[in-house]
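Residue numbers (UniProt numbering): 1 to 601.
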């Protein structure tokens with residue numbers, strides 16, 4: 001076997017968020033980075049850790065380090081928008097753009113899989129490690145492999161599967177694509193079945209702080225089954241989405257003016273997802289339900305929703321709700337993340353935005369909420385000041401242009417009483433790149449916003465997601481049930497949203513179709529509410545596109561915008577956008593791949 005070098009760092013211990021560190025960054029910075037060769041890794045528990053942590057490192061070195069991520073996860077959906085230049089590829093359906101963001105998805109996930117395969121072989125050979133600890137490390141590696149394959153098959157459909165590393169195989173140049181059904185049933189599910197039984201619980205004494213645990217694996221497996229189940233659910237099932245064209249042009253005082261529209265309840269119909277037609281939808285829903293319920297019951301450890309005030313705080317990064325998340329180090333060239341540069345903006349010494357702040361949530365997303373819901377009251381940046389270096393105009397911006405926020409501007413109440421801005425507070429209208437609901441969930445985690453590389457985490461899986469899967473599965477199995485509504489309300493009540501009442505779903509939802517009031521079924525009413533809640537709760541967490549895809553409503557939801565969003569990003573989509581293009585180099589060099597996905601070169 002070739003000697004290989006793996007980059008090890010204490011940072012890898014913190015890639016999974018758990019409720020243990022008082023100061024995660026302080027703990028990380030106590031350890032120095034080291035380079036070791038395979039021969040240097042001891043035949044012990046510590047050696048098993050070394051192999052495992054080298055794989056965690058791939059999340060940075062092969063994905064998040066250079067800023068391609070999380071664009072393939074977030075940008076292509078109906079409720080996210082921003083600067084046209086920022087959205088010129090994934091945000092506008094140009095999946096084969098010049099910076100190869102789709103290639104980064106493929107290459108990054110397969111790099112992680114290759115490293116995991118190599119580590120699995122070596123960890124299994126460490127007879128000096130205890131069986132319990134060796135199994136836990138293998139459980140982590142199985143989890144990471146399963147997660148990577150899940151991300152890949154959702155994005156690309158049929159994909160190659162590699163059971164050993166390139167060092168052992170010798171080459172990856174002749175691996176055909178495996179059908180979606182086989183990827184799930186023969187690779188992803190077996191890996192997660194093993195992982196959730198081998199991993200420590202976060203309540204186990206031997207559990208090491210900062211690493212994936214049994215609840216992470218069970219929660220991910222529930223999400224996998226929910227994806228399979230939704231994809232296989234029969235054609236024609238009703239789903240209501242609040243959407244529509246983003247603005248209309250009106251003549252105001254002799255001037256053609258863009259005026260924002262409110263979202264409209266729009267009836268869409270489920271379409272079976274290609275490749276998922278041979279799954280038993282009910283069986284998959286049952287397994288998703290059983291796993292999510294077991295996580296909620298504490299079978300896999302003590303997992304809880306965080307108080308909203310702590311959920312997105314710097315100290316809250318390690319709460320048990322964050323089942324799997326990327327943690328980062330402020331200012332570090334490798335372990336500081338770049339996505340916050342666009343999601344939160346950089347500031348100067350005065351706290352003014354001096355660069356970026358180009359990715360936010362659209363008006364239609366904001367209008368899904370009640371005014372006092374924490375997710376918009378606390379979770380949206382309502383006032384900010386841009387210096388002229390960021391745009392041709394400096395001054396104060398506010399969002400939105402109605403309700404309590406507009407009144408605070410008019411009355412110069414905090415935060416609009418800033419002395420740096422005397423008369424230039426404004427709320428830009430339709431077509432402006434500044435009129436968005438910019439999220440604070442990442443901003444609150446950053447210790448120094450003047451840096452381009454920050455310590456904002458990116459969550460891959462939260463307990464709130466698992467609760468909404470529980471609600472979804474319970475509803476699909478038995479129609480509106482109190483259990484399903486209770487799970488939905490746990491998420492809503494944490495955010496100060498009005499709890500849902502089962503009676504409102506049992507009555508069904510009224511939606512206009514061609515001007516005629518149409519009532520959808522109780523099950524469809526609750527289904528629509530849960531899908532909407534996921535859009536609200538998991539905004540900018542890499543979920544919305546995949547929810548639309550698995551429910552077969554991606555094309556109508558995207559095309560409901562009428563071709564473009566507020567600043568002009570192209571939102572029109574066709575069949576080819578259901579899958580990402582495989583990298584050209586992979587098609588050219590892997591003899592087992594005969595053609596790219598439909599519609600792509």
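A virtual CB, placed ideally from N, CA and C, is assigned to each residue, including glycine. The model shown is predicted, which means the values in this text are computed figures rather than measured ones.
- With fewer than three CB-CB distances shorter than 8 Å, the region 436 to 451 does not count as touching the region 509 to 521.
- Secondary structure of residue 224 (DSSP, three-state): helix.
- Residue 156 is not a Cβ neighbour of residue 588, given a cutoff of 9 Å.
- For residue 583, the CB contacts under 6 Å within the same chain, skipping 5 residues up- and downstream, are 103, 106 in chain order.
- With 16 or more neighbouring CB atoms inside 10 Å of its own CB, residue 52 falls in the buried class.
- A residue is called buried when at least 16 other Cβ atoms come within 10 angstroms of its Cβ; residue 363 meets this threshold and is buried.
- Cβ contact annotation for residue 195 (same chain, cutoff 6 Å, sequence separation greater than five): 139, 142, 143, 217, in chain order.
- Annotation: residue 476 to residue 45 spans about 44 Å, alpha carbon to alpha carbon.
- When the Cα atoms are used, residue 454 and residue 501 turn out to be separated by approximately 41 Å.
- Three or more beta-carbon pairs separated by less than 8 Å link the region 278 to 296 to the region 217 to 231, which places the two stretches in contact.
- By DSSP's assignment, residue 325 forms a beta bridge with 459.
- Going by beta carbons, residue 273 and residue 552 fall inside the 9 Å limit.
- Of 212, 227, 60, 117, the smallest CA-CA separation from residue 544 is found for 227.
- Judged by DSSP in its simplified three-state form, residue 57 adopts coil rather than helix or strand.
- Contact between the region 456 to 474 and the region 278 to 289 is present: 3 or more CB-CB pairs across the two stretches fall below 8 Å.
- In chain order, 261, 561, 562 place their CB closer than 7 Å to the CB of residue 245, counting only its own chain and leaving out the 5 sequence neighbours on each side.
- The residue from 494, 211, 232, 506 with its alpha-carbon nearest to that of residue 378 is 494.
- Of all C-beta pairs linking the region 123 to 136 to the region 61 to 71, fewer than three are shorter than 8 Å, placing the two stretches out of contact.
- By the neighbour-count definition (other C-beta atoms within 10 Å, threshold 16), residue 86 is a buried residue.
- Taken atom to atom, the span from the alpha-carbon of residue 380 to that of residue 374 is near 9 Å.
- Beta-bridge analysis with DSSP links residue 346 to 355.
- The shortest C-alpha to C-alpha distance from residue 76 to any of 513, 541, 597 is the one to 541.
- A residue is called buried once 16 or more other Cβ atoms fall within 10 Å of its Cβ, and residue 457 is buried on that count.
- Ranking 492, 503, 340, 251 by CA distance to the CA of residue 532 puts 492 first.
- If you compare the alpha carbons of 112, 214, 159, 590 with that of residue 183, the shortest gap goes to 159.
- Our two residues, residue 591 and residue 529, have alpha carbons roughly 45 Å apart in a direct line.
- Sixteen is the threshold: since fewer than 16 other Cβ atoms of the shown chains lie within 10 Å of the Cβ of residue 350, the residue is exposed.
- Taking 3 residues as the shortest admissible run, the region 254 to 336 contains the following complete beta strand (DSSP E) segments, listed from N- to C-terminal end: 255 to 260, 264 to 269, 322 to 326.
- When 201, 282, 427 are compared, the shortest CA-CA separation from residue 259 is found for 427.
- Between residue 266 and the set 279, 309, 239, the nearest pair of CA atoms involves 239.
- Bounds of the alpha helix (DSSP H) holding residue 403 are 403 to 410.
- Assigned with DSSP and collapsed to three states, residue 363 falls in helix.
- Taking the Cα of residue 174 as reference, the smallest distance to any Cα among 162, 181, 180, 185 is reached at 162.
- When rounded, the separation of the alpha-carbon atoms in residue 465 and residue 208 is 24 Å.
- Take residue 55, set aside five residues on each side of it, and the residues of its chain with a beta-carbon closer than 7 Å to its own are 112, 115, 116, 119, 141, 144, in chain order.
- For residue 386, the uninterrupted beta strand (DSSP E) segment begins and ends at 383 to 386.
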